[in-house]
Ligand SMILES: [Zn+2]
Ligand SMILES: [Zn+2]
């Protein structure tokens, strides 16, 4: 299995400014002083191996969209603005000789908040006849929500004008489904209006996508239900929009969790790799990088011998399991 992140921000897209890009270039040139970077290869190696991530790159600004690769057809979680880039890449691959690419897309929705829905009207394959899109979720009224998003005065093209064959399916928690050759189960999560997390199994690998989910510290039955759902996942994609202080104080009951709770739950559930997700839209690349370092430091305090690997998702992150 492979997991590719097309969109990783939470709540709102977060574009980068020209000033932020210029500041990165200034830092990179300063760091390259007194270095003999005479060949193109030397420049590329220096940028890739020696510049810190927030200087050479960016965590990105698209909202939630994650592709589960390794299925028979396309499988995606959420239709945030990252879905537009996925659709663009698909169209490009098709135009450059990919005539035999699958034409069926499986889209699993965590919930219909804007940041998980707003990429769909810009998903080019949805406009193409001969393509099929299955949309799944725990919310029984998903179809009417998709129709409403593409209604006047919010959007000029109604859902019914999209020419792909679009079908909606309601999933029940506790049932195991087969979607494009992957075993898939879902769980209801604590979030305003409810949300659903998904557990995928394929080729002996387990990936859990669990975003927009507020967990409370202190254990209990609800906590155990999630530990069982996360158990032994090779990769856990976890809503860690908030710092610990935000989660327990100012933003309690806003429907999101903290990085520290993510570490504790991943460690307790025997997870191999934790990917912090639903990145706070007000944080810049330096702040997100500090957030990741703080999270890794917390794991060392919690369990110095832990082999849990921690990443912070970014647009373009490609995890091979
Ligand atoms: Zn969200
Ligand atoms: Zn939400």
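Residue numbers (my numbering): 579 to 899.
Don't be surprised by glycine CBs; every beta carbon is placed ideally from N, CA and C.
query, result
"Quick check on residue 764: buried or exposed, where buried means 16 or more other Cβ atoms within 10 Å of its Cβ?", "buried"
"Which stretch, first to last residue, makes up the alpha helix (DSSP H) that contains residue 774?", "Unbroken run through residue 774 is the beta strand (DSSP E), 773 to 780; no alpha helix (DSSP H)."
"Straight-line CA distance for residue 707 to residue 739?", "11 Å"
"What residue range is occupied by the uninterrupted beta strand (DSSP E) comprising residue 712?", "710 to 715"
"Mind checking residue 851: buried by the 16 CB within 10 Å criterion, or exposed?", "buried"
"Residues with a Cβ closer than 5 Å to any heavy atom of ligand 2, in chain order?", "691, 790"
"What residues in its chain sit with their C-beta under 6 Å from that of residue 870, if we drop five residues either side in the sequence?", "890"
"Can you look up residue 633 in the DSSP assignment and give me helix, strand or coil?", "helix"
"Using the beta-carbon count (16 or more within 10 Å), is residue 638 buried or exposed?", "buried"
"Could you please give the first and the last residue of the uninterrupted beta strand (DSSP E) stretch that includes residue 684?", "682 to 687"
"Compute the Euclidean distance between the alpha carbons of residue 794 and residue 835, then round it to the nearest angstrom.", "8 Å"
"Let me make sure I understand the geometry here. Which of 784, 883, 696 has the alpha-carbon closest to that of residue 733?", "696"
"Spatial neighbours of residue 809 within its chain, please: C-beta separation below 7 Å, excluding the five flanking residues on both sides.", "847, 848"
"Confirm the yes/no value for this check: CB of residue 875, any heavy atom of ligand 1, distance under 7 Å.", "no"
"In chain order, what are the residue ranges of uninterrupted alpha helix (DSSP H) at least 4 long that sit wholly in the stretch 789 to 875?", "799 to 808, 822 to 826, 837 to 846"
"Tell me where the beta strand (DSSP E) around residue 644 begins and ends.", "643 to 647"
"Spatial neighbours of residue 598 within its chain, please: CB distance less than 7 Å, with the 5 preceding and 5 following residues excluded, ordered by chain position.", "862"
"Put residue 743 into one of helix, strand or coil per three-state DSSP.", "strand"
"Please name the residue in 842, 723, 864, 630 whose C-alpha comes closest to that of residue 884.", "842"
"Counting pairs of beta carbons, one from the stretch 706 to 723 and one from the stretch 677 to 693, are three or more of them closer than 8 Å?", "yes"
"What does the alpha-carbon distance come out to for the pair residue 818 and residue 649?", "27 Å"
"Roughly how many angstroms separate the alpha carbons of residue 741 and residue 589, rounded to a whole number?", "29 Å"
"Apply the 10 Å Cβ neighbour rule to residue 584 and answer buried if 16 or more other Cβ atoms are within range, or exposed otherwise.", "buried"
"For residue 588, does the three-state DSSP call read helix, strand or coil?", "strand"
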